[in-house]
Amino acid sequence: MTARNITTIMRRELAGYFATPVAYVFIVIFLIMSAAFTFYLGGFYEREIADLEPFFRFHPWLYLFLVPAVGMRLWAEERKYGTIELLLTLPLTVSEAVVGKFLAAWLFVGLALALTFPIWITVNVLGDPDNGVIVAAYLGSWLMAGGMLAISAALSAVTRNQVVAFILSVVICFGFLLSGLPMVLDLFRGWLPQTLLDGIANLSFLAHFTSISRGVIDLRDLIYFALVIGFWLLANRIILEMKKAD
Amino acid sequence: MSKNIYSATGLALLAVLFLALTILIGASLRGVRVDLTEQGLYTLSPGTINLLEDLQEPVTLEFYFSEEASSDLPMVRNFARRVQELLDEMADQAGGNLEVERIDPEPFTEAEDQAARYGLEAVPVGSGGEELYLGIVGTNMIDGLEVLPFLSPGRESFLEYELARMIYLLGRPDKPRVALLSGLDMDGGVDMQTGQQREPWAVLEQIEQMFDVETVEVDADSLPEATDVLVLVHPQGLPEALLSDIEGFLAGGGRLLAFVDPFAETAMPDNPQDPMAVMSMDRTSNLETLFEAWGLEFSSDQFVADAGLALQVNTGQGGSPVRHAAILGVTREFMNRDDVVTGELDAVNLASAGRLDLSEESPLSLEPLLTSSEQAGLMDVGRLEMLSDPSELMSEMGATGERYTLAARLDGEVPRAFGDDEGDGYSLNAIVVSDVDFLADRYWVQRQRFFGTSVLDPFAGNGDFVVNAIDNLIGNADLISVRSRATSSRPFTLVDSLRREAERNLRTTEQRLESELAETERRLGELQQARGDSDLAILTPEQEAELDRFMEQRLEIRRQLRQVRRELDQDIEALGTRIKIINIALVPVLVTAFALAVAWRRSRRQKARHRGGDSE
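As you go down the protein sequences, you meet chains A and B in turn.
All letters in the first sequence, in the order written, are residues 1 to 246 by the working numbering.
All letters in the second sequence, in the order written, are residues 247 to 862 by the working numbering.
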């Protein structure tokens, strides 16, 4: 894998996003929904506390639908139009393509997240928030988006139908979100030892995101997100190779 | 070989590897973290580190945590992991003097019996009703015992303080001795109606946890032996022998924390049922003999009214809450940030506090700890006796632009008030607060029942102030630095200032309209008087016209007043609407505009290319 190849494919992908209205529509929907949730469901203004808790509280649930929508087209589209063969004949490895495409999508989601900056300015105008906590929460949010995106990218390679890819991704991301909750753990109770149960509970996006958004960047949380992204990108690659053999 | 990796088996292997790694990092890596919070909430504070390094006696902490019962509760397990890490970190710092043990009190084991014996709380969890223990028992070599019965995950930011406090208490052989001399029933007293003992004041509970508190009767002759700090609350008519003994105690290096008040609302006569006794009682603290000798001026017949810090109170008449110029919420800006006592507090509440100042010849230096805002003035305490509508205070008070001192640290060489030799002075070290209601529960704390025990839920830092002050007077600054950062409220300061501005406007308009109304009523009264007592039933046409005009004007003024009240919160609502619009719509509109511009440019370029192609 060379950085140059990855950068090239990332640039090509990123430019591709903005060639169609889809990217703009995604950003606009994300911005409107995150702000509307913050103000109307989270009661940001009425609670009169200078922090962004009501803003970040809804991110996991927004991402659950919006991130698979970004990720679903990554490979499914290429396969549908047959451009995947073309892509794989270019002088680059499958891994480079996987990482490049992922990074482009992740940067794109990061851009959408960055465009929520007015809420950060707002809370600083209204009061005196702990900006360290806000920085951490933004980082946590972006890492969580990255985790979901890696899942969506891998599942997008499974099928040429984007809708199927979308649904699969939502289901798996949902599982990862909720894996710390008793309703998920109950499925495994009784036939798995406590260590493995702890491991499953430890898979939860929510737990790690909450942990970071308190304002503490713990190495374990960072490694967790790195593992999720790394694992699903590897899976993505394996799936592509398997499909190539078909 | 490499082909085999790209298969379902490869995927399965990868999944197993992934799961194994996540379990491994969850269990093995510890304590590597960057704390981005402003106050370093999740990092051991220098105060804790000092405390641990100074630890002389070996201390053991047993951490009771139920593994089985918590298996369903990942949040609780995460929290327990955090507790364990903090304990380990503390043990590392203490250099061998702190031992940490982890105990799993499984059902029907000796460990469970032990946990119950120590008074740890078993919280029923899950559908099976398993009992969850999550508490800490601390012991030292001389049978000292401190227990945290249940660590609530919601109080994570207090965790370090609670542990540090436990270690501090276990680490010293005897608690500091505090003598409490109070003119108020701080231990709750007996409820006259039910004949039952009432709960003691929360502040008393707090200081009793930290110190060895001995209560001194107001008619005693002397203070107990070996007192470290004297806490003097609402002194009234103390016998001279006692005052002289207090001076002797101060002269011998004793420290003083005094609470005096021009109008102690919380004070109750012996028979609270008797309305005459309630009304006629003297509510002013008196420590004049000592204050005079020190050159400390205390406004015993005037209180500080402050429009800038006035808190909202419910009038209880079903009306909307109004600001009470005598009940003050002192915020960070009006506290001494450089003093350890107030340095990290966010807010304290006072009621009808007096003003403290030094006379010109005073040998003391006075360091203000709490002050009023610039929108404050002094009012006679008599005004508070029959006050039915607190909003009247707001309109009557006149701001002088001066910041009044409400609590202060005093030190310097002072002459003796008692004793024969005038030249015989001593070095005073005291903190004086000009309000005693400051200590009453209703101004700073609520009690909540949490899993069967009473938990204090402070909404202001009054309790911390008192404990900080005593701690500081004893000379333990380390613990103060840990505690004070535990609470932090971050209000919308902009909204607060808007609200105050709006209320100021309301008050001015109200005053103008009310004086107009009074003027009209006065004219009408004159008219009636001019008419004399004859022909009461018949009005002259002018009188009738005047009366009609009056009625109309009164209606109009009332309408305007209602309107002004309605407008009170409009600025705040308008700000809210503006902020919502900016946050929800601004960037999306800009992004859409940008997208349209890009699309338009692209189509123009395409058209140009087409035209270029056509012309070739």
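Backbone N, C-alpha and C define an ideal beta-carbon position, used for all residues, glycine too.
All of these numbers come straight from a predicted model, not from anything done at the bench.
- Annotated three-state conformation of Leu-557(B) is strand, per DSSP.
- Apart from the 5 residues on each side of it in sequence, Pro-60(A) sits with its Cβ closer than 8 Å to the Cβ of Met-144, Leu-177, Phe-205, Leu-206 and Phe-209 in its chain, given in chain order.
- With respect to Asp-603(B), Asp-547(B) sits apart: the two C-beta atoms are not nearer than 8 Å.
- Residue-level contact by beta carbon holds for Leu-197(A) and chain B, with a gap shorter than 8 Å.
- When CB distances to chain A are screened at a threshold of 7 Å, the residues of the stretch 833 to 848 of chain B falling below it are Val-833, Pro-834, Val-837, Thr-838 and Ala-841, in chain order.
- Nearest CB-CB separation between Pro-737(B) and chain A: below the 8 Å threshold.
- When DSSP states are grouped into helix, strand and coil, Pro-370(B) belongs to the strand group.
- Scanning its chain for C-beta atoms nearer than 8 Å, with the 5 sequence neighbours on each side dropped, one finds around Val-70(A) the residues Phe-26, Ala-105, Phe-108, Val-109, Leu-149 and Ser-152, in chain order.
- Membership of Arg-11(A) in the alpha helix (DSSP H) is indicated by the continuous run 3 to 19.
- Contact of Glu-284(B) with chain A is assigned, a C-beta pair being separated by under 8 Å.
- Shown here for Glu-345(B): same chain residues with a beta carbon closer than 6 Å to its own, the five before and five after excluded, namely Thr-306 in chain order.
- Using a CB distance cut-off of 8 Å, Ala-36(A) counts as an interface residue toward chain B.
- Ala-357(B) is a Cβ neighbour of Ile-349(B), given a cutoff of 8 Å.
- Under the 8 Å criterion on CB atoms, Lys-853(B) is classed as non-interfacial with respect to chain A.
- Where Thr-461(B) is concerned, the enclosing beta strand (DSSP E) starts and stops at 458 to 462.
- Burial check for Val-262(B): the Cβ neighbour count within 10 Å stays below 16, so the residue is exposed.
- Closer than 7 Å at the C-beta level to chain B, one finds these residues of the stretch 220 to 242 of chain A: Arg-220, Ile-223, Tyr-224, Leu-227, Phe-231, Leu-234, Ala-235, Ile-238, Glu-241 and Met-242.
- Apart from sequence neighbours up to five positions away, the residues of its chain that approach Phe-705(B) with a beta-carbon distance below 8 Å are Trp-690, Val-691 and Gln-692, ordered along the chain.
- Across the set Ser-680(B), Glu-367(B), Ser-468(B) and Ser-545(B), the C-alpha of Ser-680(B) shows the shortest separation from the C-alpha of His-480(B).
- For Gly-381(B), the uninterrupted beta strand (DSSP E) segment begins and ends at 376 to 386.
- Look at Gly-132(A): its C-beta is under 8 Å from a C-beta on chain B.
- Secondary structure at Met-625(B): strand, using DSSP grouped into helix, strand and coil.
- Counting the other CB atoms within 10 Å of its CB gives Arg-601(B) a total of 16 or more, which places it among the buried residues.
- Shown here, Glu-511(B) sits in coil according to DSSP, grouped into three states, outside any helix or strand.
- For secondary structure counted as the beta strand (DSSP E) over 3 or more consecutive residues, the stretch 272 to 349 of chain B holds these complete runs in sequence order: 279 to 281, 305 to 311 and 344 to 349.
- Pairing Trp-191(A) with Val-28(A), the inter-Cα distance amounts to about 46 Å.
- Fully enclosed beta strand (DSSP E) runs of no fewer than 3 residues are not present anywhere in the stretch 791 to 842 of chain B.
- Each residue's CA atom was taken as its position, placing Leu-111(A) and Ser-700(B) some 49 Å apart.
- For Pro-182(A), the chain B residues whose Cβ falls inside 9 Å of its Cβ are Asp-318, Leu-319, Pro-320 and Gly-372, in order along the chain.
- Taking 8 Å as the upper bound for CB-CB distance, Ala-510(B) and Asp-683(B) are in contact here, some 6 Å apart.
- Here Gly-707(B) is not near Val-559(B), since their CB atoms are 8 Å or more apart.
- Per DSSP, the continuous beta strand (DSSP E) segment holding Gly-658(B) begins and ends at 651 to 661.
- Nearest Cα to Ala-361(B) within the set Met-321(B), Phe-309(B), Arg-444(B) and Leu-702(B): Phe-309(B).
- Assignment of beta-bridge partners to Gly-671(B) by DSSP yields Pro-661(B).
- In the DSSP assignment, Gln-443(B) falls outside any alpha helix (DSSP H), carrying neither H nor E.
- Per DSSP, the continuous beta strand (DSSP E) segment holding His-570(B) begins and ends at 568 to 577.
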